[in-house]
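Take a look at the structure below.
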Amino acid sequence: MIKINDDYIYLASYETKMILSENIKLSTINETKFFLVKEHQTCLISIEQSDDALVAIIEDNMQNQRYLISAAMNDIYKQNKNIDQDQYLLYDHDFAPSRETSLSSFLSSKTSSIKFNLIYQKLQANVTVTSDEQNSPIVFQCASSMTIGRVHQIVCQLWKLNKQFYRLTLSDDSIIDEEDSLSDTGESINDLQLKLVSTADAKCAITYQDGIITISVTNEILLSSIMEEALEKLLIPLDDIDMYELKVLDDPDSPTTVDLDSSIDEIRSDFHIESARLPFLLEKKENEN
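Note that the working numbering has the sequence shown beginning at 412, numbered continuously upward.
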């Protein structure tokens, strides 16, 4: 028999990544593989219906469903089969994320719940935003009257980026006004392709476990701010910041721990870094492992 650590408190469906109720009988589930997870690896989902809906389809079990944070929007649609193919889940009252969108995109280190509203029509604009810092695009539907500024806000929120260091352009790199609506761009709103471009002085490439996150920075910014943004991206509570340390990858075999009160300019000077891309390593302190 496998001994289960008490920290692992939820059993999740392998098919939909939804947490199973403690009262459910496994004999009623057509699955043989499951995930065993901790609470911080999950999030609470609530689906609400507008008051003026003609037919009520929201069931009690759609109000509070718990999923793995690695689940995608499509897992919610699969689990809630009573959502029709012509109905969509709206986030923040103005955009419907694509089915490929990860639930972790909507979370922060301070929030572990997400609310969606069920809508009954397809929104006019289909928006795709790419970035050379990200592995996959952000895709969503919205009204054609949405402003470029709002799109900018949405993608920076979902990618957990500092909005002041980025701007949106058309796919051909043409600059667009943040006050313009999507229909003002002169592009097809059926497939509007936009790019998020960094305007910062430099970028920090931070290795954490088996991945790398990129953060745009100014030369004056302190490493403490960079550390906080990195933890936010990784959904690590900021209260745990003292459990981690940041190191410069000046020597991959022996990286150097740095003072979080140092600025990027000081790191450049101390380690003779001329590149616009600065390599760091984020890891737990030895006494915290």
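Beta carbons are placed, not taken as given, at the ideal position from N, Cα and C, and that holds for glycine.
Collapsing the DSSP output to three states places residue 439 in a helix. The Cβ-Cβ distance between residue 477 and residue 439 does not fall below 8 Å.
Excluding its 5 nearest sequence neighbours in each direction, residue 511 has C-beta neighbours in its own chain below 8 Å: 483, 484, 485, 547 and 550, listed in chain order. Under a 10 Å Cβ-count criterion, residue 427 is classified as buried, with 16 or more other Cβ atoms of the shown protein chains found around its own Cβ.
Residue pairing by DSSP places residue 446 opposite 423 in a beta bridge.
With distances taken between CA atoms, residue 515 lies nearest to 456 out of 456, 633, 541 and 504. In the structure shown, residue 575 falls within a helical segment according to DSSP collapsed to helix, strand and coil. Remark: three or more beta-carbon pairs, one from each stretch, lie closer than 8 Å, so the region 559-567 and the region 586-594 are flagged as touching. Residue 419 sits close to residue 449, with the two beta carbons spaced by under 8 Å. Contact annotation: the region 512-532 does not touch the region 598-614, with fewer than three C-beta pairs closer than 8 Å.
Rounded to the nearest angstrom, the gap between the Cα atoms of residue 638 and residue 441 is 44 Å. Between residue 530 and residue 498, the CB-CB gap stays under 8 Å. Closest by C-alpha distance to residue 534, out of 542, 500 and 543, is 500. Residue pairing by DSSP places residue 624 opposite 617 in a beta bridge. Its chain contains 659, 661 and 667 as the residues whose beta carbon lies nearer than 8 Å to that of residue 682, once the 5 sequence neighbours on both sides are disregarded; these appear in chain order.
Residue 627 sits close to residue 577, with the two beta carbons spaced by under 8 Å. Residue state for residue 535 is assigned as coil, using DSSP reduced to three classes. Residue 613 and residue 630 do touch by the CB rule: their CB atoms are close to 6 Å apart, below 8 Å. Cβ-Cβ separation between residue 504 and residue 475: approximately 20 Å, too far for a contact (criterion under 8 Å).
Taking all protein chains in view, the Cβ of residue 663 is surrounded by fewer than 16 other Cβ atoms within 10 Å, so the residue is classified as exposed. In terms of Cβ geometry, residue 581 and residue 596 form a close pair [threshold 8 Å].
About 6 Å separates the Cβ atoms of residue 649 and residue 642, confirming a contact at the 8 Å cut-off. The beta carbon of residue 687 sits closer than 8 Å to the beta carbons of 612, 613 and 614 from its chain, once the five residues preceding and following it are set aside; these are given in chain order. Within the region 506-535, no run of alpha helix (DSSP H) reaches 4 residues while sitting entirely inside it.
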